[in-house]
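To start, the structure under review is shown below, and the notes come after it.
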Amino acid sequence: MTERTLTRRSALKTLGAAVASATFAGAASAADSEGPESGWAMRESPTGSTLYDVEETAAGVYAVGAGGVVLERTPKGYVKVLDGGPTGNGNSLYGADVTDDGKRLWFVGSSGAIGEYDVETGTLQSHSAPMDVTNNFNDVSVTGRAGEANVYVAGDSGKLYYSFENGESQTWEYTTPASGSAINAVDFHDATSGHIVDGNQTVLYTRDGATWDKLGIENANHNFYGVDSDGFDDVWVSGGGGTIFHWNGSEWIRSDTGDAGQRDIEVAGTDTGYVVGGGGKVYDRDAEKWTADATPTGQNLKAVVLLGGESAVAVGAGGTIVER
Numbered sequence: 066m067t068e069r070t071l072t073r074r075s076a077l078k079t080l081g082a083a084v085a086s087a088t089f090a091g092a093a094s095a096a097d098s099e100g101p102e103s104g105w106a107m108r109e110s111p112t113g114s115t116l117y118d119v120e121e122t123a124a125g126v127y128a129v130g131a132g133g134v135v136l137e138r139t140p141k142g143y144v145k146v147l148d149g150g151p152t153g154n155g156n157s158l159y160g161a162d163v164t165d166d167g168k169r170l171w172f173v174g175s176s177g178a179i180g181e182y183d184v185e186t187g188t189l190q191s192h193s194a195p196m197d198v199t200n201n202f203n204d205v206s207v208t209g210r211a212g213e214a215n216v217y218v219a220g221d222s223g224k225l226y227y228s229f230e231n232g233e234s235q236t237w238e239y240t241t242p243a244s245g246s247a248i249n250a251v252d253f254h255d256a257t258s259g260h261i262v263d264g265n266q267t268v269l270y271t272r273d274g275a276t277w278d279k280l281g282i283e284n285a286n287h288n289f290y291g292v293d294s295d296g297f298d299d300v301w302v303s304g305g306g307g308t309i310f311h312w313n314g315s316e317w318i319r320s321d322t323g324d325a326g327q328r329d330i331e332v333a334g335t336d337t338g339y340v341v342g343g344g345g346k347v348y349d350r351d352a353e354k355w356t357a358d359a360t361p362t363g364q365n366l367k368a369v370v371l372l373g374g375e376s377a378v379a380v381g382a383g384g385t386i387v388e389r
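The working numbering puts the first residue of the sequence shown at 66, with every later residue one more than the last.
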């Protein structure tokens, strides 16, 4: 992991850690159920709709999902702060990310939905349908401070849309990085440096935010769903068939966790990380190995976020929220 990666992610963790820790301790309610010895516990959810992504901000944890719902974790539990997406039309939200200072939550979804939510004031700004595009957007990565962010949006049409001016109108451009297959996930570890994975079992990288080159993976035999870009020599990919791949700068190292598709992955360093997927499956990285964690749900999990140490939040189908 590069020094700049540590600076970017550490800054966000420092800003959000105190708020997140306090909220985490108080988020349980009488309706919550404690998990088994692994430490995972079910949290009461105000929605029965699928939650597709979860992020930590300077104000705490937020989750986004079907119907355009946005949830905030408060000391009294999870509450809805938005319903209907950035335009109010009920467009589902599939991906989210947060600015480096933790002050703005960006989310994207169906029919060209793009929203920028100020977690301090509760103000929502819509950047939907850039360049009049109304295709589905699967994921988003943002770098930089609130109001000055570079925004990268993964399109279902195989296009990567980007703005170096905080998503303002007329500042959007696009490129088709590979074959035109849907881009399933995007993650940047620096202002203009990051990785994407697409539906053609391809991983690509950029150093300028605009031009892309292929990094792998040969003979993967499974689709890729999640990517965690921690540096050019530290990239994690999760996929179908329980597969996990790690790029260490010279080769791809493969791990197999079983049959369940792994939908999302987040790793910090070499010994801390989680991958989540079908059937409530969670795998915990410890001592450079992946070990199955027992969880109190059988619902398909879609996303996970690390909160520091071994603390984490995962979300998924049926409004499922589990915390460790």
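In this text, a Cβ means the ideal position worked out from N, Cα and C, and glycines have one as well.
Point to revise | Inter-residue spacing [alpha-carbon to alpha-carbon] between GLN174 and ALA377 | key: For clarity, residue 174 is Gly in the given sequence; the question names Gln instead. Rounded to whole angstroms, the gap between the alpha carbons of GLY174 and ALA377 is 24 Å.
Point to revise | One or two residues paired with GLU181 in a DSSP bridge | key: TRP171, GLN190
Review point. To the nearest whole angstrom, what separates the beta carbons of ALA178 and GLY150, a pair I think is in contact under 8 Å?
Key: Taking a contact as a CB-CB distance under 8 Å, the pair ALA178 and GLY150 counts as one, their CB atoms being some 5 Å apart.
Exercise for review: Counting only runs of 3+ residues fully inside the region 102 to 177, write out the beta strand (DSSP E) ranges in chain order.
Suggested key: 116 to 122, 125 to 130, 135 to 139, 142 to 147, 158 to 163, 169 to 174
Check your understanding: Are the CB atoms of ALA161 and VAL205 nearer to each other than 8 Å?
Key -> In this structure, VAL205 lies closer than 8 Å to ALA161 by Cβ.
Point to revise | Same chain only: Cβ atoms within 6 Å of VAL129, ignoring 5 sequence neighbours per side | key: ASP118, VAL135, LEU158, ALA161, PHE172.
Exercise for review: For ALA359, count neighbouring C-beta atoms within 10 Å of its own C-beta (all shown protein chains included) and say buried if the count is 16 or more, exposed if not.
Suggested key: exposed
Exercise for review: Mind checking which residues open and close the beta strand (DSSP E) that includes GLU283?
Suggested key: Where GLU283 is concerned, there is no enclosing beta strand (DSSP E), given that its DSSP letter is neither H nor E.
**Study point:** Alpha-carbon spacing of VAL163 relative to ASN286, whole angstroms
**Key:** 32 Å
Check your understanding: Can you list, in chain order, the residues of its chain whose CB lies under 6 Å from that of TRP312, leaving out five sequence neighbours each side?
Key -> VAL300
Check your understanding: By how many angstroms is the C-alpha of MET196 removed from the C-alpha of GLN235?
Key -> 7 Å
Practice item. Return the residue from the list GLY264, ASP255, TYR290 that minimises the CA-CA distance to ASP273. Key: ASP255
Point to revise | Nonlocal neighbours in the same chain, by C-beta distance under 6 Å from ALA325, ignoring five residues either side | key: GLY307, GLY342, GLY343, GLY344, LYS346
Check your understanding: DSSP puts GLU331 in a beta bridge; with which residues?
Key -> TYR339
Check your understanding: Residues in its own chain within less than 6 Å of ALA219 by CB, not counting five upstream and five downstream?
Key -> ASN203, ASP204, ILE248, VAL251
Check your understanding: Going by the beta-carbon positions, is the gap between SER303 and ILE330 smaller than 8 Å?
Key -> yes
Check your understanding: From ASN265 to THR271, what distance separates their C-alpha atoms?
Key -> 18 Å
Exercise for review: Let me know the secondary structure DSSP gives GLU298 once reduced to three states.
Suggested key: Before going on, a small fix: residue 298 reads as Asp here, not Glu. Looking at ASP298 - three-state DSSP - the assignment turns out to be coil, as it is neither helix nor strand.
Practice item. Select from GLY113, THR208, ASP221, GLU213 the residue whose C-alpha is nearest the C-alpha of THR199. Key: ASP221
Point to revise | Distance between ASP183 and ARG169 (C-alpha atoms, nearest Å) | key: 5 Å
Review point. Going by the CB atoms, is the gap between ALA243 and LEU269 shorter than 8 Å?
Key: yes
Exercise for review: Put ALA275 into one of helix, strand or coil per three-state DSSP.
Suggested key: Annotated three-state conformation of ALA275 is coil, per DSSP.
Point to revise | Where ASP197 falls: helix, strand or coil (DSSP) | key: helix
Review point. With 16 as the cutoff for other CB atoms within 10 Å, does SER315 come out buried or exposed?
Key: So SER315 ends up on the exposed side.
Check your understanding: Under the three-state reduction of DSSP, which class applies to ALA379: helix, strand or coil?
Key -> strand
Review point. Along the chain, where does the beta strand (DSSP E) that runs through GLY259 open and close?
Key: 259 to 263
Check your understanding: DSSP puts LEU372 in a beta bridge; with which residues?
Key -> Bridge partners of LEU372: none, in fact.
Practice item. Tell me whether the beta-carbon of GLY113 lies closer than 8 Å to the beta-carbon of GLY384. Key: yes
Point to revise | Residue from VAL207, THR335, ALA123, THR240 with nearest C-alpha to GLU185 | key: ALA123
Review point. Near ALA96, what residues of its chain come up, given a Cβ to Cβ distance below 6 Å and the 5 sequence neighbours on each side ignored?
Key: Unreliable positioning characterises ALA96 in this predicted model, as indicated by a pLDDT of 49, which lies under 50. The coordinate reading is nonetheless provided below. Only GLU109 meet the Cβ criterion.
Point to revise | Counted within 10 angstroms of its Cβ, other Cβ atoms place GLU181 as buried (16 or more) or exposed | key: buried
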